[in-house]
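K.L.:
Below is one structure. I have some questions about it.
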Amino acid sequence: MQYHQPIPGLLSHGMDSIHSSSAHRTSSLLMLLASTHQGERLSLAELCSGLGNRSFGILLLLFALPNCIPLGIPGLSTLTGIPLALITVQLLLAYPVPVLPGWLSRRSLSSRDFQRLCRTTCPWLARIERLTRPRWLPLTSRQAERWLGLLSLILAVVLILPIPFGNVPPAWALVLLALAMIERDGLLLLLGIALSAASLFWVYGLLWAMVESALYMFSHWWQS
Numbered sequence: 000m001q002y003h004q005p006i007p008g009l010l011s012h013g014m015d016s017i018h019s020s021s022a023h024r025t026s027s028l029l030m031l032l033a034s035t036h037q038g039e040r041l042s043l044a045e046l047c048s049g050l051g052n053r054s055f056g057i058l059l060l061l062f063a064l065p066n067c068i069p070l071g072i073p074g075l076s077t078l079t080g081i082p083l084a085l086i087t088v089q090l091l092l093a094y095p096v097p098v099l100p101g102w103l104s105r106r107s108l109s110s111r112d113f114q115r116l117c118r119t120t121c122p123w124l125a126r127i128e129r130l131t132r133p134r135w136l137p138l139t140s141r142q143a144e145r146w147l148g149l150l151s152l153i154l155a156v157v158l159i160l161p162i163p164f165g166n167v168p169p170a171w172a173l174v175l176l177a178l179a180m181i182e183r184d185g186l187l188l189l190l191g192i193a194l195s196a197a198s199l200f201w202v203y204g205l206l207w208a209m210v211e212s213a214l215y216m217f218s219h220w221w222q223s
């Protein structure tokens, strides 16, 4: 484990309030992190420090959220998809907490970019969170999380693939699955599974169309 440095900006608010307050929704917690962090950059190790059993869900959210809105950054889905795959494999293998290699835990984002990401995405998260609460708890049990890890791994692999217009639906599916895990909301988990299936069908359709177009162009070129 490499998460032994506390998040600097949270010290003034008291780390215990983050550990013990179940009233902190994910969106408000992310905004709190964004507004109180005092350094110029925020590393993954700092971000995961003090999050406890929220770490898996928070990491899934953070790596999925940049893909929810088309930002036009080349290679973004691949850069975020690889860490997602690593995290979801650990979830599948029933790791109690995420264990990140040094090269990944030291990765950082400027505080300004993190604040901008939170300002853009947290209002959408807050709207979803108003509808969530702990329910249908067997669907979010520790054993069920292993199946969640398998589905999330498939979605992460899809994100890694450079498929035009194919990243946003799987990213939102991952967001719903992560929120369901954090909030222990079985109904939201079912919605996330449904969106996952729909997004995989969407990506399959895109791949089929790309292959058909390539074959048509090749046959047209071959006959000319």
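All residue numbers in the sequence shown are consecutive under numbering that gives the first Met the number 0, ending with 223. Heads up, the beta-carbon is just placed ideally off N, CA and C, and yes, glycines get one too.
1. Given a cut-off of 7 angstroms on the beta-carbon distance, is the pair T79 and F55 in contact?
2. Excluding the five sequence neighbours on either side, which residues of its own chain have a C-beta within less than 8 angstroms of the C-beta of L130, listed in chain order?
3. Pull up the distance between the alpha-carbon of V96 and that of R24, whole angstroms please.
4. Hey, A172 and L189: beta-carbon distance below 7 angstroms or not?
5. Per DSSP, which residues does A199 bridge with? Please list them.
6. Is the separation between the beta-carbon of A177 and that of N66 shorter than 7 angstroms?
7. Considering only their Cβ atoms, is the gap separating I159 from L205 smaller than 7 angstroms?
8. Would you identify the three-state DSSP class for S226, choosing helix, strand or coil?
9. Using three-state DSSP, classify L32 as helix, strand or coil.
10. According to DSSP, is R53 part of a helix, a strand, or is it coil?
11. Only counting the same chain, and skipping five residues up and downstream in sequence, which positions put a Cβ closer than 6 angstroms to that of M30?
12. Would you kindly work out how many angstroms separate the C-alpha atoms of Q37 and L46, rounded to a whole number?
13. Please list, in chain order, all residues of the same chain as E182 whose beta carbon is under 6 angstroms from its beta carbon, the five residues on each side excluded.
14. Could you check whether the Cβ of I159 sits closer than 7 angstroms to any Cβ belonging to chain B?
15. Would you identify the three-state DSSP class for L130, choosing helix, strand or coil?
16. DSSP three-state call for S27: helix, strand or coil?
17. Smallest Cα separation from G101: which of S212, L154, L43?
18. In chain order, what residues of the same chain lie with their CB nearer than 7 angstroms to the CB of L108, ignoring the 5 residues before and after it?
19. With I224 and T119 assumed to form a contact (beta carbons below 8 angstroms), what rounded beta-carbon distance in angstroms separates them?
20. If you follow the alpha helix (DSSP H) that S42 is in, where does it begin and where does it stop?
P.N.:
In short:
1. Contact: no.
2. Scanning its chain for C-beta atoms nearer than 8 angstroms, with the 5 sequence neighbours on each side dropped, one finds around L130 the residues L187, in chain order.
3. Annotation: V96 to R24 spans about 20 angstroms, alpha carbon to alpha carbon.
4. The answer is no: Cβ separation not under 7 angstroms.
5. According to the sequence shown, residue 199 is Leu rather than Ala. Checking the DSSP bridge columns, you'll see L199 has no partner listed.
6. No, these two residues do not count as a Cβ contact at 7 angstroms.
7. Taking C-beta atoms as the reference points, L205 and I159 fail to come closer than 7 angstroms.
8. In the structure as shown, the chain begins at 0 and stops at 223. Residue 226 is therefore absent and cannot be evaluated.
9. In the displayed model, L32 falls within a helix according to three-state DSSP.
10. R53 carries a helical assignment under DSSP once its states are collapsed to helix, strand and coil.
11. Residues of the same chain with a CB within less than 6 angstroms of the CB of M30, apart from the 5 flanking positions on each side, are C117, C121 in chain order.
12. Cα-Cα distance, rounded: 13 angstroms.
13. Cβ within range, chain order: T131.
14. Absent here is chain B; the protein component of the structure consists of one chain.
15. Residue state for L130 is assigned as coil, using DSSP reduced to three classes.
16. S27 falls in the helix class under three-state DSSP.
17. The shortest Cα separation from G101 among S212, L154, L43 belongs to L43.
18. Excluding positions up to five away in sequence, the list reads R40, L41.
19. What is shown of the chain runs 0 to 223, which leaves residue 224 out entirely.
20. Counting along the chain, S42 falls outside any alpha helix (DSSP H), though it belongs to the beta strand (DSSP E) covering 40 to 42.
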